[in-house]
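Please read the structure below before turning to the comments.
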Amino acid sequence: MKGYRISVIRHGLTEANEKGIYIGKTDMPLSAKGAADLAAKMDEFDYPSVHRVYTSPLLRCRETADILFPETEIVPVDDFRELDLGEFDGKSVDELINRADYKAWLRGGKDARPPKGESLEEMTARTYTGLHNVIIDMMESGLTHCALITHAGIISNMLAGFGIPKYTPSQITTEAGGGFDILTTAQMWLNSQCFEILGYCPYERIEDDGPDFE
1 MKGYRISVIR
11 HGLTEANEKG
21 IYIGKTDMPL
31 SAKGAADLAA
41 KMDEFDYPSV
51 HRVYTSPLLR
61 CRETADILFP
71 ETEIVPVDDF
81 RELDLGEFDG
91 KSVDELINRA
101 DYKAWLRGGK
111 DARPPKGESL
121 EEMTARTYTG
131 LHNVIIDMME
141 SGLTHCALIT
151 HAGIISNMLA
161 GFGIPKYTPS
171 QITTEAGGGF
181 DILTTAQMWL
191 NSQCFEILGY
201 CPYERIEDDG
211 PDFE
């Protein structure tokens with residue numbers, strides 16, 4: 001049975017990430033450090049060769065795709081955009097810590113919503129739609145290995161919601177430029193809406209010292 005493998009990778013760092021500022025739909029580019037760190041990762045690790053790269057439409061993800069997969073077709077998918085943080089977007093924890101609505105959001109569950117923002121439940125629903133459309137596109141196009149460049153919260157909640165074995169979102173966090181490989185089949189996805197979590201991406205580089213003659 002044919003499998004469909006997706007390397008799900010978090011975008012590189014932005015200045016907001018470096019300063020501890022919340023950014024959701026704010027469209028920030030990679031920082032100089034973020035771009036340099038991705039280049040360094042490419043020297044240290046092996047990223048897969050993929051048929052197509054799906055990305056969040058936000059600039060930091062599209063720039064990450066350009067760096068990691070420069071020769072590969074890039075297809076933005078709106079459903080993989082970051083959580084809409086509403087009035088909290090662009091603010092640091094220090095700026096928000098005394099706000100009652102911020103404290104309520106932190107205490108709330110998946111249906112808690114920042115003022116004028118989006119809940120985790122709403123984000124997970126559109127993430128499912130995006131992933132379903134990507135898998136169907138791979139099936140119809142005959143693509144067996146693609147990449148998805150998106151955001152940390154999207155990745156952890158998507159893997160916790162639809163991945164096996166089961167993890168909580170806090171157990172499957174990702175660093176910039178890192179992520180996980182997932183694998184599904186037509187039967188797994190269409191019947192059970194699930195995928196297998198295979199392991200980390202990118203991959204440890206295995207040094208080949210050539211043949212060992214004795």
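The sequence shown runs 1 to 214 under the numbering used here. Backbone N, C-alpha and C define an ideal beta-carbon position, used for all residues, glycine too. Model, not experiment: these values are computed from the prediction.
Identify whether V53 lies in helix, strand or coil by the three-state DSSP scheme. For this step, residue 53 is matched to residue 53 along the sequence shown. V53 falls in the strand class under three-state DSSP.
Sheet register partners of H151 (DSSP bridge): Within the sequence shown, numbered from 1, the residue matching residue 151 stands at position 151. The partner list for H151 (beta bridge, DSSP) is empty, contrary to what the question assumes.
Decide if M1 is buried, meaning its Cβ has at least 16 other Cβ atoms within 10 Å, or exposed. Within the sequence shown, numbered from 1, the residue matching residue 1 stands at position 1. So M1 ends up on the exposed side.
Against chain B, does T72 count as a neighbour if the rule is that its beta carbon must be under 8 angstroms from one of theirs? No chain B appears in the structure shown, which is made up of a single protein chain.
With H, G and I counted as helix, E and B as strand and the rest as coil, what does DSSP make of H11? Residue mapping note: residue 11 aligns to position 11 of the sequence shown, counting from 1. In the structure shown, H11 sits in coil (DSSP, three-state: anything other than H, G, I, E or B).
Pull up the distance between the alpha-carbon of G117 and that of I206, whole angstroms please. Residue numbering aside, residue 117 sits at position 117 when the sequence shown is read from its first letter. Residue numbering aside, residue 206 sits at position 206 when the sequence shown is read from its first letter. Each residue's Cα considered, the two are about 45 angstroms apart.
Where does E71 land, buried or exposed, given buried means 16+ other C-beta within 10 angstroms? Along the sequence shown, one-based indexing puts residue 71 at 71. Burial call: exposed.
Of the residues L143, Y22 and P202, the one placed nearest I149, counting alpha carbons only: Locating residue 149 in the sequence shown gives position 149, where the first residue counts as 1. Closest by alpha carbon: P202.
Option nearest I23 by Cα separation, candidates S192, H11 and Y4: In the sequence shown, the residue the question calls residue 23 occupies position 23. It is H11 whose Cα lies nearest to the Cα of I23.
Rounded to whole angstroms, what's the CA-CA distance from D181 to D27? Just pull it up for me. As a first step, residue 181 must be located in the sequence shown, where it is residue number 181. As a first step, residue 27 must be located in the sequence shown, where it is residue number 27. Between D181 and D27, the C-alpha separation is close to 26 angstroms.
Can you tell me whether DSSP reads P76 as helix, strand or coil? In the sequence shown, counting from the first residue as 1, residue 76 sits at position 76. Residue state, collapsed to three classes: strand.
With respect to the alpha helix (DSSP H) encompassing T124, which residues constitute its N-terminal and C-terminal limits? What you label residue 124 is simply residue 124 of the sequence shown in a count that begins at 1. Here the alpha helix (DSSP H) through T124 covers L120 to S141.
For F195, which three-state DSSP category applies? On the sequence shown, position 195 is the one that residue 195 refers to. Three-state DSSP puts F195 in a strand.
If contact is defined by three or more beta carbon pairs under 8 angstroms, each pair taking one atom from either stretch, is the segment 119-139 in contact with the segment 32-48? no
Closest by CA to L159, which one among T173, C146 and A147? Translated into positions along the sequence shown, residue 159 becomes position 159. It is T173.
On a Cα-Cα basis, can you pick out the residue from A176, G178, I155 and E175 that is closest to T168? Counted from its first residue, the sequence shown places residue 168 at position 168. The residue with the shortest Cα to Cα distance from T168 is I155.
At what residues does the beta strand (DSSP E) containing D181 begin and finish? On the sequence shown, position 181 is the one that residue 181 refers to. G179 to T185 is the extent of the beta strand (DSSP E) around D181.
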